[in-house]
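By full-length UniProt numbering, the letter at position 30 of the sequence shown is numbered 30, and the numbering carries on one by one without gaps.
Ideal placement from N, C-alpha and C gives every residue a C-beta, glycine not left out.
A short worksheet on the structure shown next.
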Amino acid sequence: MMESVPRCIDNTLPRRFDVDAQDKAWVTDITYIRKGFAYLAVGIDLFSRRVIGWSLQSRQFTDVVLQALLTAVWRRKPKTTILIHSDQAPSSPAWIGQPS
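So this is what it looks like as structure tokens:
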């Protein structure tokens, strides 16, 4: 019998958003843009505080956040595991926060 995996792990980044190098911790968020009815998801590197990936789609699905993260990975090509912090919204991919 397979053990169930919790949707999220404990918050390992409790309001400590200062990191000492790039590609150690990223945060994601999604917002609704009323004009044009679109959803914008972004990924931000906590070290540089810059947007490293984004996605704009007409409907709010998990893939809007996933596309933002894939863009960030494609652009940054990280060499190590990255802590990805999200607000655990239903639009966040289910694997965010799951232990590997």
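Chain-order list of residues whose beta-carbon lies under 6 Å from that of residue i (same chain, five-residue window excluded)
i	result
residue 28	43, 65 and 86
residue 57	39 and 64
Exposed unless 16 or more other CB atoms sit within 10 angstroms - verdict on residue i
i	result
residue 26	buried
residue 18	exposed
residue 53	buried
residue 48	exposed
Simplified DSSP state of residue i, which is helix, strand or coil
i	result
residue 41	strand
residue 57	strand
residue 52	strand
residue 27	strand
residue 46	coil
Endpoints, the alpha helix (DSSP H) within which residue i is located
i	result
residue 72	62-76
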